[in-house]
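Residue numbers for the sequence shown, in our numbering: 8 to 246.
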Amino acid sequence: MLPLGSSETSTLALPTSPSSTSSENKVYCYFCRTAYYGGFHPEPNKSGEATLAFTGFSDWKNAIARLTKHESSKTHSDCVYLVKQQQKSTVAAQLNLTHQIQQANDGISERKIYSIICDETRVESGKEQLCFTIRSVDNDFIIYEDVLGMYMIASKSAADITEVILDIICRCNLDIKDCRGQGYDGAPSMAGHISGVAVRIQSLCRKAFFVHCNAHSLDLALQDLTSTSSSISTALNIT
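Shown next, in the form of C-alpha cells:
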C-alpha cells in the first residue's frame with residue numbers, strides 16, 4: 008500500500024484484477040479502480056484517468072506531484088463518494104437480507120414440520136452452488152416456501168450435498184426429525200436408491216419422504232418430446 012497524506016480518500020493499492028500482478032511495479036487508486044471496474048466511474052474515457060484506474064501508475068520520478076494532483080482532483084473525489092455510497096448500499100442490502108432470513112427462520116420454527124427443496128447448479132465462475140428452500144404449512148393450512156439462500160458446495164457428490172443440507176438445517180435451529188419431505192431432481196447423487204442424498208436424509212429421519220421434483224420431471228419430458236418432434240421443437244424455439 009502507498010497512502011498519500013493522512014486522508015482516507017488517498018488510498019493507493021497494488022493491482023487486484025486477475026490480469027495484473029504486483030510484479031508489474033505499479034500502483035492504482037483504490038477508489039478510482041473500484042469505480043472503473045464497478046461500471047460507475049464518472050469519466051472512464053477521460054485522458055489521464057485510466058492510468059490510476061486501469062493501466063497502472065509507474066512514473067516514480069514524478070510520483071509525488073502526479074499523485075498529489077490526482078488526490079485533489081474532482082474525478083477522484085467523485086469516485087470516493089460513489090464507492091462509499093455503493094458500499095453503504097451493499098451493507099444495507101445485506102442487513103435487510105439477513106433480517107428477512109431470520110424472520111423466515113422464526114416462522115419455520117413456529118410451524119415446526121417442514122420439507123426441503125434443493126437444486127444444485129454451476130455458476131459462471133465454475134463453482135457449484137446449492138439453492139436451499141424450506142416448505143412448511145401453518146395451522147390455517149397456508150403454505151410457505153422460503154428460499155434461505157445459495158450455498159457453495161465442494162462437489163455434486165451425495166456426501167458433500169448432504170453435509171451442506173444438514174449444516175443449513177442446524178444453522179436454522181431446525182430438527183432433522185421434523186422433516187417430512189424432500190424434493191430434488193432425479194440425478195443419481197440426489198435420488199440414488201443406495202447412497203443418494205434422499206436415502207442419506209431418510210437414514211436420519213425415515214419420515215422424510217422423497218418426491219422427484221415435478222418441475223424437473225416436466226423439463227425432462229419436454230426435452231424428450233422435442234427430440235422426437237421437430238414441429239414442437241420449432242414452436243418452442245428449442246434447437
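Just so you know, even glycine gets a beta-carbon here, dropped at the ideal spot from N, CA and C.
Bear in mind that the values here come from a model prediction, so they are computed numbers and not experimental data.
- Linking Val90 to Ala161 through their CA atoms gives a straight-line distance of about 33 Å.
- For the 8 Å CB-CB criterion, Gln189 and Ala205 form a contact.
- Between the alpha carbons of Val154 and Glu135 lies a distance of about 17 Å.
- Contact annotation: Tyr121 and Leu137 have beta-carbon atoms that are not nearer than 8 Å.
- By the neighbour-count criterion, in which 16 or more other beta carbons inside 10 Å mark a residue as buried, Gly203 falls on the buried side.
- Ile239 sits away from Leu181, with the two beta carbons spaced by 8 Å or more.
- Within the segment 185 to 234, the complete beta strand (DSSP E) segments at least 3 residues long are 186 to 191 and 216 to 219, listed from N- to C-terminus.
- By the Cβ test, the segment 74 to 82 is in contact with the segment 34 to 53, since at least three Cβ pairs between them sit closer than 8 Å.
- By the neighbour-count criterion, in which 16 or more other beta carbons inside 10 Å mark a residue as buried, Cys177 falls on the exposed side.
- For Leu74, the enclosing alpha helix (DSSP H) has its first and last residue at Ala70 to Glu78.
- Residue Asn244 holds the alpha-carbon nearest to the alpha-carbon of Leu229 among Leu74, Val218 and Asn244.
- Minimum Cα-Cα distance from Arg187 among the listed residues Gln109, Ala198, Thr75 and Leu211 corresponds to Leu211.
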